[in-house]
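Data block below; observations after.
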Amino acid sequence: MLPNKLDDKGPIVDFLASIAFKLCDGRSKQAFARPASPKAPYPLSKGKRARKDLRPDIVILPVSAWDGCGGYGLDKIPSPAMNNFEQVLVLGEHKVTNANDAEQQVLKYLWGIKRHQPWRQSAVVFFTGGFEFGVIRGDQSSTEEARFDIRSRDGAIKFIRALYWLSMASNLELGDDTDYTTRTAVRQQKIKGKFETFMGREVATIKCETTIYQVEDILYNGVSIRGRGTLVYAVKDSSGNGVPLVLKEMWFDSGRKLDEIFFHDQAKARGVEGVVLVVGRWDAHRTTLTTVRGYMPKQALALNLQYKLENRRQMRLVLSRKRPLGNFETLEEIAHGLLGAIKDSVVDGSPPFKRSCQYLEKETEQPSNDFGAESGEAISEGKGGVETETHKAQRTGTIPYMASGVLQGEAHSVQYDFESFFLRFLPPPVQLRFAFAREEGGRLAGGD
């Protein structure tokens, strides 16, 4: 029977493990286990949220985690070095009576798995509470859940099937992206004043069609369960001369007609200098409604039109790894471009606004809003009615990565190039208005 409380010996873990062991005849691909320390954040977790919230009651690890113990068995525990957030396959939460509380907790685990394992397209978690058992999968579109009462005949059958699947599912079924390969990474983490060694994992290579990139580091990790899920890697082309590059992976709203590529093409066509432009692009041919959630393309289009469901498309961009700031020779050149770009991009009264206004106090020209990041400007005019766009595309814009003057046909300049650089790496608030400083021979007020 299902244990009615969770104590230090972890009866719920033993209960699930014993059923799964018999279902799989002792030959499961992954197995239930207790976390290394149920009262502490899961090892190798990162960030403020991780320190407080990421403390699972149950983990599912690959059976290789038991190799140092002579193989997996009900009376054996996994290697503490393998029991961490980069090795875990599935996380679970148990509440004695309230399944809803357990469900809310495992949603944080979804974020944690996607954050710490960027090679996963989706993540799986489960929860128990009272006599309810549930499994949740989260991807870039949203989450989907199967929840049932194990006291009913139908619920008990589904419970057994869920345990069997969790124990025998392949890495691909648990969300791995086949374009990624991983490698073992030895890491240390300070726990209770002592440094402990863990065998984690990290991305080794990323395949873009026929090109394979070797990953050196993660420069930006903006993973979320629902959203762009942008990741930026420092990479090198393994088939070329090893030139340092940057690979940006994102899921963008397919209802947006002016995507990031458009602005790169415009910049190249107008000869903009001093910005980092795309040198390669790959459409992964995956969308959240078709590849991830399984709808046929016609079904996805119907859902998009009828219910305004957002359909995100996976795209990978490769850019050169360089520092545009190196093209500027004086502080004045940077000041004119930067402060002109950020004027009026912050709320009146804030320190950055006051400092920029001190420097630009002689500027009398009203800010223009020629080609900014306003809400509707990401949608081309005259290309279909608003009703054909997704709700997301109607209310958000694509931040341009070029100076507004250059897009209108003006020759590029240091000021414009820096404005493009500023937008490329520091996307402004939605209500950004462009303004340019004309003060000659000026310098930063107060040394700012």
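Numbering (full-length UniProt numbering) for the sequence shown: 1 to 448. The C-beta atom is built at its ideal place from N, Cα and C for all residues, glycine as well. All values derive from a computational prediction rather than experimental measurement.
Opening and closing residue of the beta strand (DSSP E) in which residue i lies
| i | result |
| --- | --- |
| Lys236 | Thr230 to Asp237 |
| Ala204 | Lys194 to Cys208 |
| Ala146 | Thr143 to Asp149 |
| Ala31 | Gln30 to Ala33 |
Beta-carbon proximity of residue i to residue j, cut-off 9 Å
| i | j | result |
| --- | --- | --- |
| Leu231 | Ser320 | no |
| Asn123 | Gly200 | In the sequence on display, residue 123 carries Ala and not Asn. In this structure, Gly200 does not lie closer than 9 Å to Ala123 by Cβ. |
| Phe126 | Ala162 | yes |
| Pro78 | Arg55 | no |
| Gly112 | Ser45 | yes |
| Leu317 | Glu260 | yes |
| Val63 | Pro118 | no |
| Gly255 | Asn221 | no |
| Glu145 | Glu103 | yes |
| Leu166 | Val90 | yes |
| Lys76 | Gly229 | no |
| Leu289 | Asn311 | yes |
| Val106 | Ile60 | no |
Local conformation of residue i per DSSP, three classes
| i | result |
| --- | --- |
| Ala43 | Before going further, note that residue 43 is Pro rather than Ala in the sequence given. Here Pro43 sits in coil by DSSP. |
| Met250 | strand |
| Leu245 | strand |
| Arg313 | strand |
| Val124 | strand |
| Pro118 | coil |
| Ala17 | helix |
| Leu301 | helix |
| Asp283 | strand |
| Lys268 | helix |
| Pro38 | coil |
| Thr97 | coil |
| Val106 | helix |
| Arg153 | helix |
| Glu132 | strand |
| Tyr180 | strand |
| Val63 | helix |
| Pro367 | Any reading at Pro367 needs caution, since the residue's pLDDT is 35, under 50, leaving its predicted position unreliable; the model's value is listed next. Here Pro367 sits in coil by DSSP. |
| Gln189 | strand |
| Leu91 | strand |
| Ile58 | strand |
| Leu258 | coil |
Neighbourhood of residue i by C-beta distance below 8 Å, restricted to the same chain and skipping five residues each side
| i | result |
| --- | --- |
| Val13 | Phe32, Ala33, Arg34, Asp57 and Ile58 |
| Ser18 | Leu74 |
| Glu209 | Trp282 |
| Asp177 | Trp119, Arg120 and Gln121 |
| Asp101 | Lys95 and Gly129 |
| Ala20 | Ser28, Ala31, Phe32, Leu163, Tyr164, Leu166 and Ser167 |
Assumed close pair residue i, residue j - CB separation to whole angstroms, cut-off 8 Å
| i | j | result |
| --- | --- | --- |
| Gln140 | Trp282 | 17 Å between Cβ atoms; not a contact. |
| residue 460 | Thr205 | The structure shown has nothing for residue 460, since the chain only spans 1 to 448. |
| Asp179 | Lys207 | 5 Å |
6 Å CB neighbourhood of residue i in its chain, flanking five on each side removed
| i | result |
| --- | --- |
| Phe159 | Phe133 and Ile150 |
| residue 456 | There is simply no residue 456 to check, as the chain begins at 1 and stops at 448 in what is shown. |
| Arg286 | Gln314 |
| Asp53 | Lys108 |
| Lys248 | Val232 and Leu317 |
| Asn98 | Gly129 |
| Glu86 | Leu44, His116, Gly200 and Arg201 |
| Asn83 | Ala36 |
| Glu216 | Ala234 |
| Gln188 | Phe195 and Thr197 |
| Thr137 | In the sequence on display, residue 137 carries Arg and not Thr. The residues are Ser122, Val124 and Glu144. |
| Tyr295 | Leu289 |
Continuous alpha helix (DSSP H) stretch holding residue i: start and end
| i | result |
| --- | --- |
| Asn221 | Where Asn221 is concerned, there is no enclosing alpha helix (DSSP H), although the beta strand (DSSP E) it sits in stretches over Thr211 to Gly222. |
| Ala169 | Looking at the DSSP string, Ala169 is not in any alpha helix (DSSP H), and its letter there is neither H nor E. |
Chain B within 9 Å of residue i, Cβ atoms only
| i | result |
| --- | --- |
| Arg256 | No chain B is present in this structure, which holds just one protein chain. |
Nonlocal neighbours in the same chain, by C-beta distance under 7 Å from residue i, ignoring five residues either side
| i | result |
| --- | --- |
| Thr184 | Met199 and Arg201 |
| Arg147 | Glu132 and Gly134 |
| Gly242 | Lys236 |
Contact test: residue i Cβ vs the ligand SAH heavy atom, cutoff 8 Å
| i | result |
| --- | --- |
| Ile206 | No copy of the ligand SAH appears in this structure; indeed no ligand is present at all. |
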